[in-house]
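Enquirer: Below are the structure tokens for one structure; questions will follow.
Number of protein chains: 2
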Amino acid sequence: MFMLHGRLAAKPGKREELLAILAEGEHREPMPGCRLYLVAVDETDADGVWITELWESEDAHTASLQLDRVKEQITRAMPILDTEGFKRQQLEARAGIPD
Amino acid sequence: MFMLHGRLAAKPGKREELLAILAEGEHREPMPGCRLYLVAVDETDADGVWITELWESEDAHTASLQLDRVKEQITRAMPILDTEGFKRQQLEARAGIPD
Chain Y
1 MFMLHGRLAA KPGKREELLA ILAEGEHREP MPGCRLYLVA VDETDADGVW ITELWESEDA
61 HTASLQLDRV KEQITRAMPI LDTEGFKRQQ LEARAGIPD
Chain U
1 MFMLHGRLAA KPGKREELLA ILAEGEHREP MPGCRLYLVA VDETDADGVW ITELWESEDA
61 HTASLQLDRV KEQITRAMPI LDTEGFKRQQ LEARAGIPD
């Protein structure tokens with residue numbers, strides 16, 4: 001199953017604001033095809049936010065970026081992001097996938 | 001919540017065997033305090049197996065290493081592991097945690 005583990009970076013001092021935007025999804029309907037959308041921090045990395053995502057297909061992930069609520073979140077996050085600090089590891093999950 | 005994202009390395013040609021051992025947990029009772037134990041591969045990394053784990057506490061993770069079935073798995077995996085290739089990122093999950 002299509003999996004991503006990546007780093008988003010906030011501008012200095014803006015990480016809590018970015019975390020709040022990313023956590024909004026918890027209280028909404030799940031995105032179609034999304035099995036996991038985990039938001040984490042690393043105490044050795046002051047400006048990073050680590051996202052671990054599982055999608056039923058790569059297409060489901062691509063399609064999610066066109067959802068109105070996701071586009072609106074991206075628009076709000078953009079001014080506080082340091083896009084040069086992004087990293088992305090693409091994986092294929094083999095076991096332990098949540099229902 | 002206590003989270004780990006790390007790389008285990010198999011000796012050359014032994015990755016599928018390692019994946020089979022790691023996937024055994026899917027058919028067993030969940031480990032106490034474990035919310036996620038995801039096993040994945042990265043197509044750019046021929047010998048690596050990537051494990052993403054979520055635990056209700058660091059202590060729950062430590063305790064899991066003393067479970068008989070886990071000790072038995074480690075014993076079986078040891079001959080096919082390349083322990084010098086291990087990596088580990090410790091994280092604190094903030095949102096999106098599975099029940």
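Protein chains in written order, with full-length UniProt numbering: chain Y, 1 to 99; chain U, 1 to 99. Note that the Cβ used here is the ideal one computed from N, Cα and C, for glycine as well.
#1: Quick check on the DSSP output: the beta strand (DSSP E) that includes Ile51 of chain U runs from which residue to which?
#2: State buried or exposed for Arg15 of chain U, treating a residue as buried only when at least 16 other CB atoms are found within 10 Å of its CB.
#3: Taking just the CA atoms, how far does His27 of chain Y sit from Gly13 of chain U?
#4: Tell me whether Gln73 of chain Y sits in a helix, a strand or coil according to DSSP, three-state version.
#5: Starting from Leu91 of chain Y, trace the beta strand (DSSP E) both ways and give me its first and last residue.
#6: Does the separation of the CB atoms of Gln3 of chain Y and Glu43 of chain Y fall below 9 Å?
#7: Under 9 Å between C-beta atoms, does Trp50 of chain U make it to chain Y?
#8: For Ala23 of chain Y, report the span of its alpha helix (DSSP H) as first-last.
Expert: So, to answer that:
#1: Counting from one through the second sequence, the residue named residue 51 of chain U turns up at place 51. Gly48 to Trp55 is the extent of the beta strand (DSSP E) around Ile51 of chain U.
#2: For the purposes of this step, residue 15 of chain U is taken as the residue at position 15 of the second sequence. Only buried fits Arg15 of chain U, as 16 or more other CB atoms lie within 10 angstroms of its CB.
#3: Start at 1 with the first residue of the second sequence, and residue 13 of chain U comes out as number 13. Start at 1 with the first residue of the first sequence, and residue 27 of chain Y comes out as number 27. His27 of chain Y has its alpha-carbon roughly 44 Å from the corresponding atom of Gly13 of chain U.
#4: Translated into the one-based positions of the first sequence, residue 73 of chain Y becomes position 73. Gln73 of chain Y: helix per DSSP, three-state reduction.
#5: What you label residue 91 of chain Y is simply residue 91 of the first sequence in a count that begins at 1. That run of the beta strand (DSSP E) goes Lys87 to Ala95.
#6: If you number the first sequence from 1, residue 3 of chain Y lands on position 3. If you number the first sequence from 1, residue 43 of chain Y lands on position 43. Contrary to the premise, residue 3 of chain Y reads as Met rather than Gln in this sequence. Cβ atoms of Met3 of chain Y and Glu43 of chain Y: not closer than 9 Å.
#7: Reading the second sequence from its first residue, position 50 is the one you call residue 50 of chain U. Taking CB atoms only, Trp50 of chain U has a neighbour in chain Y less than 9 Å away.
#8: If you number the first sequence from 1, residue 23 of chain Y lands on position 23. Its alpha helix (DSSP H) spans residues Arg15 to Ala23.
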